[in-house]
Structure formats: structure tokens, C-alpha cells
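Asks: Going line by line, the protein sequences match chains A and B. The numbers in our numbering rise by one with no breaks, and the one at position 44 of the first sequence is 44. Counting from 1 along the second sequence, just add 240 to a position and that's the residue number in our numbering.
Protein chains: 2
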Amino acid sequence: MQDLQTVSETEEFDDFRQMALLSMEEICRDIFRENQHRIKIKKESVAVRNLENIFHTTLGISNEKGFQNMSLRDLSRVSGLSMGALYSYFASKEELLEMIQNQGRRITLKVLSRRVNPGDPPSVQLRAAMRTHLYLTEVMQPWFYFSYMEAKNLGREQRKKAIESELVTEEMFVQILSDGVKKREFVVENPTLTAAVIKAMLQDWYLKRWKYSRRQVSVQSYADFVIGFLESVVCKSPES
Amino acid sequence: MQDLQTVSETEEFDDFRQMALLSMEEICRDIFRENQHRIKIKKESVAVRNLENIFHTTLGISNEKGFQNMSLRDLSRVSGLSMGALYSYFASKEELLEMIQNQGRRITLKVLSRRVNPGDPPSVQLRAAMRTHLYLTEVMQPWFYFSYMEAKNLGREQRKKAIESELVTEEMFVQILSDGVKKREFVVENPTLTAAVIKAMLQDWYLKRWKYSRRQVSVQSYADFVIGFLESVVCKSPES
DNA sequence: CAGAAAATATAACGAACGCTCGATATTATT
DNA sequence: AATAATATCGAGCGTTCGTTATATTTTCTG
């Protein structure tokens, strides 16, 4: 039983990785189509290939030295595209930042709503939401770290979207917890603060990944631990 | 009883604030004395006054736009000191960053070791450590936020110190938890991961302060909540 | 109050930044 | 194969950066 569950979880996570990587190209295609009026490149195949390159390279450099410290000459050198070529895909460095932010938010919403089924019992939803969130941030760690660290460098409008996005996922946990209380699965005095600390625990995974990989903690075992930790607080009686 | 406790906690926090503000000048004095060979200013009274100004202004600007995005001309304008005057207090922008990091680490260690008594029972230590950490980060929020956000822009040596500092406080929680298990006050399966999520919950307070102040959650009530949350996991039987 | 010492102000330096644009290379169409 | 359309290139623009050398003002001392 234990083994079976572990195997199925591993498979689940690998599926997850595959799905996310496939989503990447798909999303770059969406971005290209939606911003075709801004992007100077005509051919989709060329644009998508280079956009993937640009986003991936930007995340890599930014997670080392920060987006502001990444010069466009750095990006040009590492990506292999010239300065001029880069500026065929975005009009300014700030626009590049905004495109990346949008890309990640879109994937997050898509995946979360696909994997958490509102018809399930709250306890199942809670587990699914936490595990999905962790797996997602594991697979897309560079983006989440980037997004968190660069949030304050965004313009007014974009920052508003980032805050909104944070509160939306938190609200999802509040809903699940409240629903669980109503259905007598959970005992939660303060769903809002409980949801806040859930988010804090989930975020630690991508903010401090150096700590966990140094200790050889896998994302699956961290997920098991955090879910168990939370359930020992909110579950009325785990066995009955 | 409830009221009495609330009052005493409020007083405790006010004491805390006063202590921290007083420590600030004290620490600037220490920094001046230790770096007198680097700092071009001779008179202590002048140096301490301006160092406080420089640190305070730097934290303020950096928490809005980031340290790298703060130009020294910004710092000059806001602090009221000229470029030349600034360079009498540090030899480079990076040295300024390092001085601020050292200042904060020093206060953290000083306060934590002063308020957590190794002779107390683990359950008392645990509460004291969590509450102290939260109060400290509340009073020195600008520094902690700054320190967290700018950690990756440090040099090799300084980054090592920052990582070490993170792990030291976490190790303190591991010690308290393990000690509590040995003395049969706590039941904790994995003290290391438990300490990690404790840190995550504590850190959320200064990383997301906008969220909590928007919801009008005070640091005292957040401390009460987090302590209660944790105790419901680790305490064998809260009443007996 | 004169003169020395200390602290601050000013202006300029080279380097690096984001960004642009005419020239060049690549690909598609006839 | 020739032409047109598309994509890439990289030197150079103006600006701002961190930093410094020098001049000026303030403060202390006898």
C-alpha cells in the first residue's frame, strides 16, 4: 500500500513535469499570437523558438543576479541573439519583465483549476491543492522565484495583478477550509490566518530550495510532511 | 486573566520597540569604532549621527525600489548628504550593503540570545523564541525585508554569512524541539522539517506585511495564532 | 579671532546602461 | 537564379552610474 502510493506519486510528479514543459511552448505561442502587433517577427515558428529561448535565459540570469542587474548585453551573449534581435521581441526591458510575469500567472491558474476539483470533499481538495501548488512551484521554480523577487520592480498595474494573484490562491484555501468546517471534516477557528500560513509553508519550498536540496528533501516528501502537518491541526479525527 | 495577559503582552512589545530603537544608536557606535580605520570621519558624534541617517535612508529607499536601483545620488538627495560626504563613511556601494547586513545580524543574535533562556522548559523556550522573532522582525521590518531581498546580490563571503545566519536560528528551533521530545513535552517526528516550517511562518510576517496590515492583524495576534497553531501539532496534551 | 583640522560640497571621469538604426545575412517566392 | 520579405547583427547614441580629486565651508583649538 505504502509502496503503491509512493510509486503513483512519483508517476504523478513526472506527469506534472511533462505537462508543464509542454505547456511552456504552448504559452509562448499564445503570447506571440496575442502580442503580434508589438512583436516585429512575422513567422510563428521563429518567434516561438526565440521567445522560449529569451524567457528561459532571462529566468536563468535573473535568478543568479536579479533582473535589474541583468544587462541586455548579458541576455544577448547568453541567448546567442543580438541586441537588435532581442528588441524585435519586446519594446523595452520592462515589457520583457511583464511578458514573463503574465506567462507564469497564466500557467499557475490553468494548472491549479485543472487539478483541484470543486466537487471533491474538502479534505481531498485540500491535499490536491497543496500538492499541486508544490509540484507546480518545483517544476517552475525559476519563474516563481523570479516573480517573487521582482514583484516590487513592476509598474503600478502589474504589481496590482501580482497582489491579486497572491490573494486569489489564498482565497482558494480559505474556501476549502470553510467548506470543510461546514461539512464537519475540519475544525478551523480562523480560516484566513490558516490559509496564510499554508501559503507561507508552500512558498518556502521555492524560496529556499537551496536549503531543501542540500538536505536532500524531495518535493514529494516535503509535500507529505506539510500535508500531514496541516491535517494534524485542522482534521477533527484523522482515522474515524 | 485574558485581559491581564493582553496588557502585559502589549507592554512587552512596547518595551521591545524601545529596546530596539535604543540598540540602533548603540550598534552604529559599535560599527563606527570597529571600522574607524576605513571611515574618514574622526568625531564619533558626527559619525554616529550620519551613519544612522545613511542606514535609515538606505533601508527606506531600498525597500521601495531595491538596493541596486537606488543610486548614490538618490541616497545623497534623500539623506541630505553630498556624494563626497557619503564616501567618507564607506569605500564603495557594496561596503555600505555589507555594513547594513552586519548591523542587522548583530541585533538579531543579541536580542534572541537575551530573550530565550536555555534553562527554561522547552515549551516556554519555544513560545519565547517565536514571539521574540516576530516582535524583532516587526520592529526592524525594513532591515529584514532588505536583508532577505538583497541576499543574492552579496559577495561570496557575505552570502555565506547570511546562509549561516538563517541556519543558526533554524538550528535553535531544532534544539528546542528535540529537547522537548526528550523531556516528553513535545511529540515531533521530524524536528528539522518542523523547524523549517516554523521559520517559514515567522518569515511570512515581514515578507508580506502589506497583507497583514491590510487585514488589520497585529503582530501580537499573529504571534498568538502561530504559537497556538504550532502547539496543536507538537504538544502531547495542551491541558494536562 | 586666526589658523589648523575636519567635514562637506562640487564637478568631472570612464564605464556600463537601455535602446536605435542602417547594414547584412537568411529564408521564401516566383 | 533572381527578387522580395524577413530576420539578425553590432557599432554607436545619449544618459546615468559609481567613484574620485579638488575646492570650499564648518568646527574646533589656542
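Just so it is clear, CB atoms sit at the ideal spot from N, CA and C, and this is done for glycine as well.
For chain B, find out if any of its Cβ atoms is closer than 7 Å to the Cβ of residue 225 (chain A); answer yes or no.
Replies: For the purposes of this step, residue 225 (chain A) is identified with residue 225 of the first sequence, where counting begins at 1. Residue 225 (chain A) counts as touching chain B.
Asks: Pull up the distance between the alpha-carbon of residue 240 (chain A) and that of residue 180 (chain A), whole angstroms please.
Replies: What you label residue 240 (chain A) is simply residue 240 of the first sequence in a count that begins at 1. What you label residue 180 (chain A) is simply residue 180 of the first sequence in a count that begins at 1. Because residue 240 (chain A) sits at a pLDDT of 41, beneath the cut-off of 50, its placement in the model cannot be relied upon, and the following sentence gives the value as read from the coordinates. Those two C-alpha atoms are separated by around 16 Å.
Asks: Okay, do the region 42 to 53 of chain A and the region 282 to 289 of chain B touch, 3+ Cβ pairs below 8 Å being the bar?
Replies: No: fewer than three Cβ pairs fall under 8 Å.
Asks: Count the other CB atoms, across all protein chains shown, that sit within 10 Å of the CB of residue 489 (chain B); report buried if there are 16 or more and exposed otherwise.
Replies: Nothing can be reported for residue 489 (chain B), as the shown portion of chain B is limited to 241 through 480.
Asks: With contact counted as at least three CB pairs below 8 Å, one residue from each stretch, are the region 143 to 154 of chain A and the region 79 to 93 of chain A in contact?
Replies: The region 143 to 154 of chain A is not in contact with the region 79 to 93 of chain A.
Asks: Can you confirm whether the region 391 to 405 of chain B touches the region 333 to 351 of chain B when touching is taken to mean that 3 or more C-beta pairs between the two stretches lie within less than 8 Å?
Replies: In short, these stretches touch, since the Cβ pair count reaches three.
Asks: Flag residue 200 (chain A) as yes if its beta-carbon sits less than 7 Å from any beta-carbon of chain B, otherwise no.
Replies: Taking the first sequence and counting its residues from 1, one reaches residue 200 (chain A) at position 200. Yes, contact with chain B.
Asks: Look at the alpha carbon of residue 417 (chain B) and the alpha carbon of residue 361 (chain B), and state the distance between them as a whole number of angstroms.
Replies: Locating residue 417 (chain B) in the second sequence gives position 177, where the first residue counts as 1. Locating residue 361 (chain B) in the second sequence gives position 121, where the first residue counts as 1. Near 11 Å, if we compare the C-alpha coordinates of residue 361 (chain B) and residue 417 (chain B).
Asks: For a cutoff of 7 Å on Cβ pairs, would you count residue 193 (chain A) as touching chain B?
Replies: As a position in the first sequence, residue 193 (chain A) is number 193, starting the count at 1. Residue 193 (chain A) counts as touching chain B.
Asks: Between the beta-carbon of residue 391 (chain B) and the beta-carbon of residue 414 (chain B), is there less than 7 Å?
Replies: Along the second sequence, read from residue 1 onward, the residue named residue 391 (chain B) stands at position 151. Along the second sequence, read from residue 1 onward, the residue named residue 414 (chain B) stands at position 174. Result no, Cβ atoms of residue 391 (chain B) and residue 414 (chain B) do not sit closer than 7 Å.
Asks: Taking 7 Å as the CB-CB limit, is residue 181 (chain A) close to chain B?
Replies: As a working note, residue 181 (chain A) is residue 181 in the first sequence. No, residue 181 (chain A) lies away from the interface with chain B (no Cβ there is under 7 Å from its Cβ).
Asks: At the level of alpha carbons, what is the spacing between residue 462 (chain B) and residue 197 (chain A)?
Replies: On the second sequence, position 222 is the one that residue 462 (chain B) refers to. On the first sequence, position 197 is the one that residue 197 (chain A) refers to. Each residue's Cα considered, the two are about 10 Å apart.
Asks: Identify whether residue 384 (chain B) lies in helix, strand or coil by the three-state DSSP scheme.
Replies: Here the question's residue 384 (chain B) lines up with position 144 in the second sequence. Three-state result, residue 384 (chain B): helix.
Asks: Closest by CA to residue 171 (chain A), which one among A:193, A:183 and A:49?
Replies: Position 171 of the first sequence, counted from the start, is the residue given in the question as residue 171 (chain A). Selected option, being the one with the closest Cα: A:193.
Asks: Going by DSSP, which residues form a beta bridge with residue 186 (chain A)?
Replies: Here residue 186 (chain A) is taken as the residue at index 186 of the first sequence, counted from 1. According to DSSP, residue 186 (chain A) bridges with A:235.
Asks: Report yes or no: is there a C-beta of chain B within less than 7 Å of the C-beta of residue 239 (chain A)?
Replies: Counting from one through the first sequence, the residue named residue 239 (chain A) turns up at place 239. Low confidence applies here, because residue 239 (chain A) scores a pLDDT of 46, under 50, leaving its location unreliable; read the following figure in that light. For residue 239 (chain A), the answer is no, since every Cβ of chain B falls outside 7 Å of its Cβ.
Asks: For a contact meaning CB atoms closer than 9 Å, what does residue 392 (chain B) contact in chain A?
Replies: The count along the second sequence starts at 1 and reaches residue 392 (chain B) at position 152. Result: 63, 64, 65, 66 and 149.
Asks: Taking residue 203 (chain A) as part of the alpha helix (DSSP H), name the residues at either end of that continuous run.
Replies: Taking the first residue of the first sequence as 1, we reach residue 203 (chain A) at position 203. From DSSP, the alpha helix (DSSP H) with residue 203 (chain A) extends over 191 to 207.
Asks: CA-CA distance, residue 449 (chain B) and residue 84 (chain A)?
Replies: Here residue 449 (chain B) corresponds to residue number 209 of the second sequence, with the count starting at 1. Here residue 84 (chain A) corresponds to residue number 84 of the first sequence, with the count starting at 1. One C-alpha to the other measures close to 41 Å.
Asks: How would you call residue 431 (chain B), buried or exposed, if buried means at least 16 neighbouring beta carbons within 10 angstroms?
Replies: In the second sequence, residue 431 (chain B) corresponds to position 191, counting from 1. Counting Cβ neighbours within 10 Å, residue 431 (chain B) comes out buried, since at least 16 surround it.
Asks: Look at the alpha carbon of residue 30 (chain A) and the alpha carbon of residue 133 (chain A), and state the distance between them as a whole number of angstroms.
Replies: By 1-based counting over the first sequence, the position of residue 30 (chain A) is 30. By 1-based counting over the first sequence, the position of residue 133 (chain A) is 133. Distance between the alpha carbons of residue 30 (chain A) and residue 133 (chain A) is about 23 Å.
Asks: Under 7 Å between beta-carbons, which chain A residues line up against residue 469 (chain B)? List them in chain order, please.
Replies: Numbered from its first residue, the second sequence carries residue 469 (chain B) at position 229. Neighbours of residue 469 (chain B) on chain A, chain order: 197 and 233.
Asks: Could you name each continuous alpha helix (DSSP H) segment of 4 residues or more that falls completely within the region 339 to 415 of chain B, going from the start of the chain to the end?
Replies: Complete alpha helix (DSSP H) runs here, min 4: 362 to 379 and 381 to 390.
Asks: When the cut-off is 7 Å and only beta carbons count, does residue 74 (chain A) lie next to chain B?
Replies: Taking the first residue of the first sequence as position 1, residue 74 (chain A) is located at position 74. So no, residue 74 (chain A) is outside the interface.
Asks: Whose CA, out of A:217, A:138 and A:104, lies closest to the CA of residue 13 (chain A)?
Replies: Residue mapping note: residue 13 (chain A) aligns to position 13 of the first sequence, counting from 1. Closest by alpha carbon: A:138.
Asks: For residue 232 (chain A), which residues in the same chain have their Cβ closer than 6 Å to its Cβ, ignoring the five residues on either side in sequence?
Replies: Counted from its first residue, the first sequence places residue 232 (chain A) at position 232. Excluding sequence neighbours, residue 232 (chain A) sits near nothing in its chain.
Asks: Between which two residues does the alpha helix (DSSP H) holding residue 65 (chain A) run?
Replies: Mapped onto the first sequence, residue 65 (chain A) falls at position 65. Start and end: 44 to 65.
Asks: Can you say whether residue 250 (chain B) is buried or exposed, counting buried as having 16 or more other CB atoms within 10 angstroms of its CB?
Replies: Counted from its first residue, the second sequence places residue 250 (chain B) at position 10. Looking at its Cβ environment, which holds fewer than 16 other Cβ atoms inside 10 Å, residue 250 (chain B) is exposed.
Asks: Please list the terminal residues of the continuous alpha helix (DSSP H) segment that includes residue 324 (chain B).
Replies: Walking along the second sequence from the start, residue 324 (chain B) turns up at place 84. First-last of the alpha helix (DSSP H) with residue 324 (chain B): 323 to 326.
Asks: Can you look up residue 280 (chain B) in the DSSP assignment and give me helix, strand or coil?
Replies: For the purposes of this step, residue 280 (chain B) is identified with residue 40 of the second sequence, where counting begins at 1. In the structure shown, residue 280 (chain B) sits in coil (DSSP, three-state: anything other than H, G, I, E or B).
Asks: In or out: residue 187 (chain A) buried (at least 16 other Cβ within 10 Å) or exposed?
Replies: Against the first sequence, residue 187 (chain A) aligns to sequence position 187. Burial call: exposed.
Asks: Between residue 444 (chain B) and chain A, is any beta-carbon pair separated by less than 7 Å?
Replies: Against the second sequence, residue 444 (chain B) aligns to sequence position 204. Chain A, which has a Cβ nearer than 7 Å to the Cβ of residue 444 (chain B), makes this yes.
Asks: How many angstroms separate the CA atom of residue 62 (chain A) from the CA atom of residue 424 (chain B)?
Replies: Locating residue 62 (chain A) in the first sequence gives position 62, where the first residue counts as 1. Locating residue 424 (chain B) in the second sequence gives position 184, where the first residue counts as 1. Going from the Cα of residue 62 (chain A) to the Cα of residue 424 (chain B) covers about 47 Å.
Asks: With distances taken from CA atoms, which of A:72, A:161 and A:224 is nearest residue 429 (chain B)?
Replies: By one-based count along the second sequence, residue 429 (chain B) stands at place 189. Among A:72, A:161 and A:224, the Cα nearest to that of residue 429 (chain B) belongs to A:224.
Asks: Over the uninterrupted alpha helix (DSSP H) stretch that includes residue 318 (chain B), give me the two end residues.
Replies: Residue 318 (chain B) sits at position 78 when you count from the first residue of the second sequence. Here the alpha helix (DSSP H) through residue 318 (chain B) covers 312 to 319.
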